[in-house]
Structure formats: structure tokens, C-alpha cells
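Written out below as C-alpha cells is the structure these notes cover.
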Amino acid sequence: MSTAEITTGAATPPPAPGGNRPGGGPFGKGTPLRRITVAAAYLAVVLLAWQLYVTLADVPSYLLPDPLSVGDALWRLASSGELWPHLGYTVRNIAVGLGAGIVIGSLLGWVIASFRTVRLILAPYVVILQAAPKIALAPLLVLWFGLGLGSQLALIVMLAFFPMMIAMMLGLGEVTDDQRALGRVLNLGPARFFRLVQLPTALPALFAGARIAVIDAMTGAFLAEYISAQQGLGFLMVQGRSTYDTPQLIAAVVLTVVVGLTGFALVSLVERRALPWRR
Numbered sequence: 001m002s003t004a005e006i007t008t009g010a011a012t013p014p015p016a017p018g019g020n021r022p023g024g025g026p027f028g029k030g031t032p033l034r035r036i037t038v039a040a041a042y043l044a045v046v047l048l049a050w051q052l053y054v055t056l057a058d059v060p061s062y063l064l065p066d067p068l069s070v071g072d073a074l075w076r077l078a079s080s081g082e083l084w085p086h087l088g089y090t091v092r093n094i095a096v097g098l099g100a101g102i103v104i105g106s107l108l109g110w111v112i113a114s115f116r117t118v119r120l121i122l123a124p125y126v127v128i129l130q131a132a133p134k135i136a137l138a139p140l141l142v143l144w145f146g147l148g149l150g151s152q153l154a155l156i157v158m159l160a161f162f163p164m165m166i167a168m169m170l171g172l173g174e175v176t177d178d179q180r181a182l183g184r185v186l187n188l189g190p191a192r193f194f195r196l197v198q199l200p201t202a203l204p205a206l207f208a209g210a211r212i213a214v215i216d217a218m219t220g221a222f223l224a225e226y227i228s229a230q231q232g233l234g235f236l237m238v239q240g241r242s243t244y245d246t247p248q249l250i251a252a253v254v255l256t257v258v259v260g261l262t263g264f265a266l267v268s269l270v271e272r273r274a275l276p277w278r279r
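Mind the numbering: the sequence shown is residues 1 to 279 in full-length UniProt numbering, read in order.
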């Protein structure tokens with residue numbers, strides 16, 4: 001039995017027939033080609049349903065433009081160069097806020113899970129803070145941190161840290177008494193026990209929390225920009241609404257969804273690399 005099997009308490013499952021991809025073949029379950037095909041099929045269905053609805057229901061373009069009009073708006077923003085600073089601004093804020101939320105949430109989750117006194121003191125306040133509606137907290141953050149980047153990052157971090165905190169607490173709860181006893185027998189200090197036992201055991205839960213956190217970070221970035229920013233995809237939505245440019249408004253919404261899905265896919269990719277037995 002390997003060292004990894006001892007520390008995690010489980011052996012790595014053998015590879016499925018057909019290589020590392022269950023099902024084998026280019027269209028085997030979970031292969032990149034299959035995922036791309038499925039994603040393209042979903043997108044085609046959504047676009048077709050959208051086009052049929054606006055055509056058959058005769059929806060005015062100022063209420064819901066057709067997909068071609070939204071595509072034209074996207075092309076206009078991209079070709080003029082107006083899109084890229086806004087997209088870069090939003091992506092940067094999501095990356096910074098998500099990174100800070102992951103670090104803060106994971107650290108706080110470890111502290112709460114490891115120390116009962118801290119858990120009794122902090123847990124109720126953290127839950128109350130998370131239960132508060134973020135749309136109501138956003139104006140307060142603007143008052144406290146101003147209209148600049150500070151209030152926007154604060155909202156993103158506030159939304160992203162909670163899933164990571166809960167994920168770390170749940171992941172550490174998966175450590176068994178046998179693993180703790182083994183750590184004492186091997187005389188592992190707290191740092192080595194965390195690195196060799198607790199962290200590998202908690203990784204599946206942490207990646208699940210990260211998938212939620214990246215979507216929450218995207219929501220926080222959009223909400224912050226919608227309220228206070230002069231740049232970003234949220235600002236493009238406000239601009240489209242105020243100028244009655246509905247195609248631009250919908251285009252900014254579509255781009256925001258694409259950014260969130262891209263972040264979700266990146267987290268899933270890292271998870272597949274770090275935990276290959278969970279493919």
C-alpha cells in the first residue's frame with residue numbers, strides 16, 4: 001500500500017476499460033469531444049428556441065431582440081475595441097475576489113473546524129452575514145468603501161468565501177478517527193498532518209465549494225458593477241438599459257454568463273487533474 005493510500009485511507013481505483021476515459025473511444029463518457037458536442041447541442045437548442053419564440057410571438061425588439069441582433073451587438077462591441085477593457089476589468093475583479101475568497105474561506109473554515117471555542121463564537125455571526133440579502137448590503141459597501149474597486153472586491157469576496165468555508169469544514173469532517181490515530185503514531189505535527197491527511201481528504205469538498213464560489217463571484221462582480229462601476233460588463237448592461245440599446249444589454253448578459261461558465265469549467269478542469277479518479 002502506498003503512502004498516499006495510507007494518508008487518505010483509500011486506494012486509487014483502477015482505470016476503467018478503454019484507458020483513462022470511462023467508456024473508451026473518442027466519444028466515450030466524459031471525453032473532451034463529447035463534452036464539446038453536448039455543449040454545442042445545448043447552445044443550438046437554446047438559440048433555436050429563442051429565435052422561434054421572438055418570431056412566433058412577434059416580440060418587439062426593444063423587449064427581446066433576436067439572436068442575430070445580439071450577435072451584431074457583440075461584434076460591434078468587439079470590433080470597435082470597446083468590449084475588451086470592460087471584459088478585462090470584470091475578469092480581473094472576479095479572479096482577485098475569488099482568489100481572496102478561496103483563501104479567506106478555506107482558512108476560516110479550518111479555524112472553525114479545528115477549534116471548538118472559535119466555532120461557538122464565530123459561526124453564528126458568519127451565518128447571519130451570509131443570510132443577509134446581498135442586494136441590500138451592496139449600497140452599504142459603497143458607503144463604507146466608496147465607489148471604486150474596494151466596494152466591488154468586498155462584495156465579491158463576501159459572496160465567494162462562504163462556500164469555501166463550508167466546504168473546508170465538511171471536508172475536514174471526513175477525516176476518520178483511524179487517520180487521526182495514524183497521525184499520532186507517525187508523530188505528525190499539525191502542519192504535516194494537514195498537508196498529508198486533512199488536505200487530501202478535504203480536496204473533493206473544496207473543489208465542490210470552488211465551483212459554487214466561482215459562480216457567486218461572477219454574480220458579485222455583476223452586481224457591484226451594476227451599482228457603482230464605470231467599467232465592466234455590469235456597466236455595459238447599465239449603458240444598454242439607459243440608452244434603450246436592448247441588444248447590447250442582452251449581449252452583456254450573455255458575456256457575463258460565458259465568463260461564469262468559463263470559470264466553472266476551469267475549476268472542473270483543475271479538479272480532474274488533481275483528482276483523476278473522480279473523472
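Just so you know, even glycine gets a beta-carbon here, dropped at the ideal spot from N, CA and C. Since the structure is predicted, the reported quantities are computational estimates derived from the model, not experimental observations.
Between VAL157 and GLY234, the C-beta gap is not smaller than 7 Å, which leaves the two residues out of contact. Between the beta-carbon of VAL259 and that of ILE94 there is about 7 Å, and that keeps the pair under the 8 Å contact cut. Rounded to the nearest angstrom, the gap between the Cα atoms of THR90 and ALA274 is 27 Å.
Judged by DSSP in its simplified three-state form, GLY232 adopts coil rather than helix or strand. Between the beta-carbon of LEU155 and that of LYS134 there is about 7 Å, and that keeps the pair under the 8 Å contact cut. Excluding its 5 nearest sequence neighbours in each direction, GLY183 has C-beta neighbours in its own chain below 7 Å: PHE193 and VAL197, listed in chain order. Across the structure, ILE227 and GLN152 are spaced so that their CA atoms are roughly 9 Å apart. Between LEU129 and the set ARG119, LEU159 and LEU186, the nearest pair of CA atoms involves LEU159. Residue environment analysis places SER106 among the buried positions, since at least 16 neighbouring C-beta atoms fall within 10 angstroms of its C-beta.
Contact annotation: ALA167 and GLY209 have beta-carbon atoms nearer than 7 Å. Closest by C-alpha distance to LEU47, out of VAL38, PRO67, PHE207 and THR246, is PRO67. Of the other Cβ atoms in all chains shown, fewer than 16 fall within 10 Å of the Cβ of VAL127; this residue is therefore exposed.
When secondary structure is reduced to three states using DSSP, VAL142 falls in the helix class.
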